[in-house]
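Chemist: My questions all concern the structure below.
2 protein chains.
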Amino acid sequence: MTHSAAPSLVAVDWGTSHLRVWLLDADGAVLAEHRSSEGMGATAREQFQSVLEAHLAALTVPADVPVVMCGMVGSRQGWAEARYLTVPVSLADVAAAAVRIPDVIRDIRIMPGLSKPDRQSPDVMRGEETQLLGLSRLAPSAGERFVCMPGTHSKWVRMRGDSVIDFVSFLTGDAFAALSHHSVLRHSLSGASVDPESAAFRDAVRASLETPADIFARVFSIRAAGLLQDLDPAAAAARLSGYLIGQEIAGAKARFTVPGHVDLIGDPRLGALYTEALVIAGMSCTLNDSDTAVIAGLAGALSAPPKTGTDG
Amino acid sequence: MTHSAAPSLVAVDWGTSHLRVWLLDADGAVLAEHRSSEGMGATAREQFQSVLEAHLAALTVPADVPVVMCGMVGSRQGWAEARYLTVPVSLADVAAAAVRIPDVIRDIRIMPGLSKPDRQSPDVMRGEETQLLGLSRLAPSAGERFVCMPGTHSKWVRMRGDSVIDFVSFLTGDAFAALSHHSVLRHSLSGASVDPESAAFRDAVRASLETPADIFARVFSIRAAGLLQDLDPAAAAARLSGYLIGQEIAGAKARFTVPGHVDLIGDPRLGALYTEALVIAGMSCTLNDSDTAVIAGLAGALSAPPKTGTDG
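Chains as they are written, first to last, in the working numbering: chain A, 27 to 338; chain B, 27 to 338.
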């Protein structure tokens, strides 16, 4: 296993609705990849090991190759609980707090999540801490930086060096799905992917930035525009997306003194929407691919000695 | 039919998910009432007449007693379309624009809805215009007044005398249901009715009034409080309700110069929550029962001559 094409590590991102497995060489290059819908939400506790081993067998991973995992697999309802570390915390300490699965021969570790036990604004993340570790390895920065991580529960993170100082989550993607499918808007929207260059998206971002208070009036107006103005269902979806992303940026600015430049970690689709929205908000950003970040984070976590047991 | 106990009118509120039928005497007093879940959403177009006639037969309503209806029954997908009138409009004109169902011997009319064909903020109401007509009969006011009508799609209405000048809808109740049942909050909330006197509700209203921009961070914090602070599911529901009602009041204030006093039209449950929230926002209100208002509006509409046909 000294030459670079030999498998050296298995990196696993195991969330509520997805499982992604990457086989990496000693340089962190991807040798093979598996994507599956066997998310933690569809997996009973006693099945985690067999599900993982099936993927490892299909990838012919030797028994001495370690596995590092992040995501909801480490929650209380997951395979083994990797308890939240509270912010502020250094990402080196986060990696060192990875929990080793007991009673298994292979070295399998789960990254802990982060929490903010604030009485008024408690917050949690699980999985994103590993992307932050990846970002700090791929694009190190000694000073203060802001990171925006769009998704079901988007995170805005204030970092200093390799430490996470503070963060806040927004229910943006979850709200988009719930309102699209389970409110009166279900009659008005199509499932078409949103065009970040469209006027519908851009105008909506701008409207939420300008008057964030009346977000639920704007959201209802999508339905009214369908009835009165024959609003196109694709434009309706773009409007809802723009309203919610604009609202998130307005909310982040209300919580933090956000600088003019942020690091964005996302997939290409959300990355394009947030890049456009941030520009409308007068900000610039560097887009970092979320898969690349999580792989680099999981590879970086291996160098830390693991804890044993589930009392992390 | 000259003495007051004789049936003089049938008042019908036929919404998406409910059907309510009141038999009234000449003074507008309720002689009998039927409530049913045969909402317009569950009724095919050719069934409307038979559903209504079954209720009229059960109430032994003579064939010469007229029926006045409001709600989604007058939408394009309803029994017969009673097209929106655009604001500003007087409620006398709204009543006069009620559409008579063609090819039916009995005098059956449907009230039109109201629309605001604004390019940026289009809006619609259907059913609430009849409650406004009722309010203007039960509690006339020559000057300007604001009316708040909480519900699935809450309305805030600016009136002058018996005219509707402007209005805005908020998706508050719809968002509460969608987020409660179809976001990550489904793990955190109970279906318990919200106590307007609880600290959870009151603090949440205050938080949304103070910083409306970050509403979706507050909503996510309910989940985090469940994980980190064992937040009680009833308190979680109270918090979500308070956040959304506070957001609505903040939104209404962003749209209009809302005076210190508003007329509230609602059922006792929502009426109590909104009364408390309005007080927290530094406002006072008079609570008007929504059933009483819609009955008075439907009775008042009878005095206007109906239009014929569905081209209203």
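Idealized CB from N, CA, C, for every residue including glycine. Everything numeric in this text was worked out from a predicted model, so none of it was measured.
Considering I275/B, what are the terminal residues of the alpha helix (DSSP H) in which it resides?
Modeler: It spans 259-281 - the alpha helix (DSSP H) in which I275/B sits, taken as one unbroken run.
Chemist: In terms of residue numbering, what span does the alpha helix (DSSP H) encompassing E236/B cover?
Modeler: Looking at the DSSP string, the run of the alpha helix (DSSP H) that includes E236/B is 225-236.
Chemist: Are there three or more Cβ pairs, one per stretch, closer than 8 Å when the stretch 202-217 of chain B is compared with the stretch 281-297 of chain B?
Modeler: No, the stretch 202-217 of chain B does not touch the stretch 281-297 of chain B.
Chemist: Taking buried to mean at least 16 other C-beta atoms within 10 Å of its own C-beta, is I191/A buried or exposed?
Modeler: Classification of I191/A: exposed, given that the 10 Å Cβ count is below 16.
Chemist: Is S63/B helix, strand or coil by DSSP?
Modeler: In the structure shown, S63/B sits in coil (DSSP, three-state: anything other than H, G, I, E or B).
Chemist: Let's test the definition: count the other Cβ atoms within 10 Å of the Cβ of E170/A and tell me whether it reaches 16, buried, or not, exposed.
Modeler: Exposed, by the Cβ-count rule.
Chemist: Which of the residues in the stretch 253-276 of chain A, read from start to end, lie with their CB under 7 Å from any CB of chain B?
Modeler: From the stretch 253-276 of chain A, only L253, L254, Q255, Q273, E274, A276 have a Cβ closer than 7 Å to chain B.
Chemist: What's the C-alpha gap between T301/A and I248/A?
Modeler: Their backbone Cα atoms lie some 23 Å apart in a straight line.
Chemist: Can R244/A and A233/A be called in contact, C-beta distance under 8 Å?
Modeler: Against a cut-off of 8 Å, the Cβ pair of A233/A and R244/A comes out as a contact.
Chemist: Do you know offhand how far G41/A's Cα is from M98/A's?
Modeler: Cα to Cα, G41/A sits roughly 5 Å from M98/A.
Chemist: So, are the CB atoms of A108/A and I131/A less than 8 Å apart?
Modeler: Cβ distance not < 8 Å, so A108/A and I131/A don't count as in contact.
Chemist: Quick check on the DSSP output: the alpha helix (DSSP H) that includes R343/B runs from which residue to which?
Modeler: No answer is possible for residue 343/B: it lies beyond the span of chain B, which begins at 27 and ends at 338.
Chemist: What's the C-alpha gap between S141/B and L50/B?
Modeler: Taking the straight line from one Cα to the other gives about 29 Å.
Chemist: Alpha carbon to alpha carbon, how far is P222/A from L159/A? Give it in angstroms, no decimals.
Modeler: Each residue's alpha carbon lies about 29 Å from the other.
Chemist: Would you report the Cα separation of G174/B and A278/A, rounded to the nearest angstrom?
Modeler: Position check: residue 174/B holds Cys in this sequence, whereas Gly was assumed. Cα to Cα, the separation comes out at about 30 Å.
Chemist: Look up I291/B in the DSSP assignment and give the residues it is bridged to.
Modeler: Paired residue(s): N314/B.
Chemist: Are the stretch 116-130 of chain B and the stretch 194-204 of chain B touching, with three or more C-beta to C-beta distances below 8 Å?
Modeler: The stretch 116-130 of chain B is not in contact with the stretch 194-204 of chain B.
Chemist: Kindly say whether P238/B, judged by its beta-carbon, lies nearer than 8 Å to any beta-carbon of chain A.
Modeler: Yes, P238/B lies at the interface with chain A (some Cβ there is under 8 Å from its Cβ).
Chemist: Is it the case that the Cβ atoms of W48/A and E64/A are separated by a distance below 8 Å?
Modeler: No, Cβ-Cβ distance for W48/A and E64/A is not below 8 Å.
Chemist: Check whether chain A comes within 8 Å of L161/B, counting only Cβ atoms and requiring the distance to be less than that.
Modeler: Answer no: the Cβ-Cβ gap between L161/B and chain A never drops below 8 Å.
Chemist: Taking A230/B as the reference, give the member of N314/B, A204/B, R152/B, L304/B with the closest Cα.
Modeler: It is L304/B whose Cα lies nearest to the Cα of A230/B.
Chemist: Below 8 Å on the Cβ atoms is my contact criterion, and I expect L266/B with L205/B to pass it. Report the Cβ-Cβ distance as a whole number of Å.
Modeler: Rounded, the Cβ-Cβ distance is 7 Å, consistent with contact.
Chemist: Specify the secondary structure class of E170/B as computed by DSSP and reduced to three states.
Modeler: E170/B falls in the strand class under three-state DSSP.
Chemist: By DSSP's criteria, D51/A is part of a beta bridge. Which residues make up the other side?
Modeler: According to DSSP, which records beta bridges pairwise, D51/A is partnered with P33/A.
Chemist: So what does DSSP say about D221/B, is it helix, strand or coil?
Modeler: Reduced to three states, the DSSP call for D221/B is coil.
Chemist: Rounded to a whole number of angstroms, what is the C-alpha to C-alpha distance between G187/A and V288/A?
Modeler: So the alpha carbons of these two residues sit roughly 14 Å apart.
Chemist: With a cut-off of 8 Å, does the C-beta of V194/A fall near any C-beta of chain B?
Modeler: Yes, because at least one Cβ of chain B sits closer than 8 Å to the Cβ of V194/A.
Chemist: Please tell me whether D149/A has its Cβ less than 8 Å away from any Cβ of chain B.
Modeler: Yes, D149/A counts as interfacial toward chain B.
Chemist: So is Q73/A buried or exposed if we call it buried at 16+ other beta carbons inside 10 Å?
Modeler: Exposed is the call here.
Chemist: Rounded to a whole number of angstroms, what is the C-alpha to C-alpha distance between E274/B and D240/B?
Modeler: Cα to Cα, E274/B sits roughly 14 Å from D240/B.
Chemist: Do you know how far the Cα of P238/B is from the Cα of V115/B?
Modeler: Computed Cα separation, rounded: 32 Å.
Chemist: From L164/A to D39/A, what distance separates their C-alpha atoms?
Modeler: Answer to the nearest angstrom: the Cα atoms are 18 Å apart.
Chemist: Indicate the three-state DSSP secondary structure (helix, strand or coil) for R186/A in the structure shown.
Modeler: In the structure shown, R186/A sits in a strand (DSSP, three-state: E or B).
Chemist: With DSSP run on the structure shown, which of helix, strand or coil describes L215/A?
Modeler: L215/A: coil per DSSP, three-state reduction.
Chemist: Give the residues of chain B in contact with T198/A, contact being defined as C-beta atoms less than 7 Å apart.
Modeler: Simply F242.
Chemist: Are the C-beta of P143/B and some C-beta of chain A separated by less than 8 Å?
Modeler: Closer than 8 Å to some Cβ of chain A, the Cβ of P143/B qualifies, so yes.
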